[in-house]
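In this note's numbering, the protein residues as written are 966 to 1180. Cβ coordinates follow ideal geometry from the N, Cα and C atoms, glycine included. Since the structure is predicted, the reported quantities are computational estimates derived from the model, not experimental observations. For reference, the structure discussed in these notes is given below.
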């Protein structure tokens, strides 16, 4: 079915491996025996992939998990690539104890606990609290304060703030629902850096105006 024996990780066309693997998962989960995760059933999502990082999702029953694991086993036998057990976890909130034991035996993965980070983003079964954003706030504060405000003019400070807020942190901010308290905390860090003082000469709303709207 697949001709992958000549491909390996690092090969220029190795992304083909993951495209084929994704198609195989789509085919496997089209079976009537497979049950999608309740939150993913409407869109029929069984997996998400980022480069060689893979997240599998299914209803908490052994049959659905077995279908996914069989697909991974087939992919391994034909491509030579396998999931790293030491770096893989399974998250099963609300699963009954009997089914949980069977699922853990089928996967061979360690059981993880919520919340956890995936690609730097906090994932949780409950509403994210302000404490979950501590890493994001620390990163912004570290980048902003890496340069002394007193050594830069106002224009340079504005540009540095823009670069930081539109950099990697924007990826973080664009995915989960960010609490107002977190946004205000980030604004406060930027305010202090911009004015190099606890006293703000211009409101943050005016600072964020588009150039064509500035007075």
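Beta carbon of residue i nearer than 8 Å to that of residue j
i	j	result
residue 990	residue 1011	yes
residue 1129	residue 1109	yes
residue 1054	residue 1102	no
residue 1019	residue 1033	no
residue 1147	residue 1098	yes
residue 1048	residue 1037	yes
residue 1058	residue 1043	no
residue 1009	residue 1001	yes
residue 1199	residue 1160	The requested residue 1199 does not occur in the structure, where the chain is confined to residues 966 to 1180.
DSSP three-state assignment for residue i, whether helix, strand or coil
i	result
residue 971	Note that residue 971 scores a pLDDT of 46, beneath 50, so its modelled location is shaky and nothing firm can be said.
residue 1012	strand
residue 1103	helix
residue 1160	helix
residue 1018	strand
residue 1130	helix
residue 1125	helix
residue 1175	coil
residue 1088	strand
residue 1142	coil
residue 1149	helix
residue 988	helix
residue 1165	coil
residue 966	Here residue 966 scores only 32 on pLDDT, less than 50, and its place in the model should not be relied on; the value that follows carries that caveat. The answer is coil: DSSP assigns residue 966 none of H, G, I, E or B.
residue 999	coil
residue 1108	helix
residue 993	helix
residue 1214	Outside the displayed range of the chain (966 to 1180) lies residue 1214, so it cannot be described from this structure.
residue 1120	helix
Assigned exposure category for residue i - 16 Cβ within 10 Å defines buried
i	result
residue 1023	buried
residue 1077	exposed
residue 1040	buried
residue 983	buried
residue 992	exposed
residue 1105	buried
residue 1051	exposed
residue 1115	exposed
residue 1118	exposed
residue 1121	exposed
residue 999	buried
residue 1096	exposed
residue 1158	buried
residue 1125	buried
residue 986	buried
residue 1163	exposed
Residue-chain proximity (residue i, chain B), Cβ-Cβ < 8 Å
i	result
residue 1105	The structure shown contains no chain B, having only a single protein chain.
Any non-hydrogen atom of the ligand GTP closer than 7 Å to residue i Cβ
i	result
residue 1068	For the structure depicted, the ligand GTP is absent and the ligand set is empty, with no information on it obtainable.
Report the residue ranges of all alpha helix (DSSP H) runs contained in full by the stretch 1032-1082; include only those spanning at least 4 residues, in chain order. Runs found: 1062-1072.
Does the structure place the stretch 1016-1035 close enough to the stretch 1070-1084 that three or more beta carbon pairs sit under 8 Å? The answer is yes - the stretch 1016-1035 touches the stretch 1070-1084, with three or more Cβ pairs under 8 Å.
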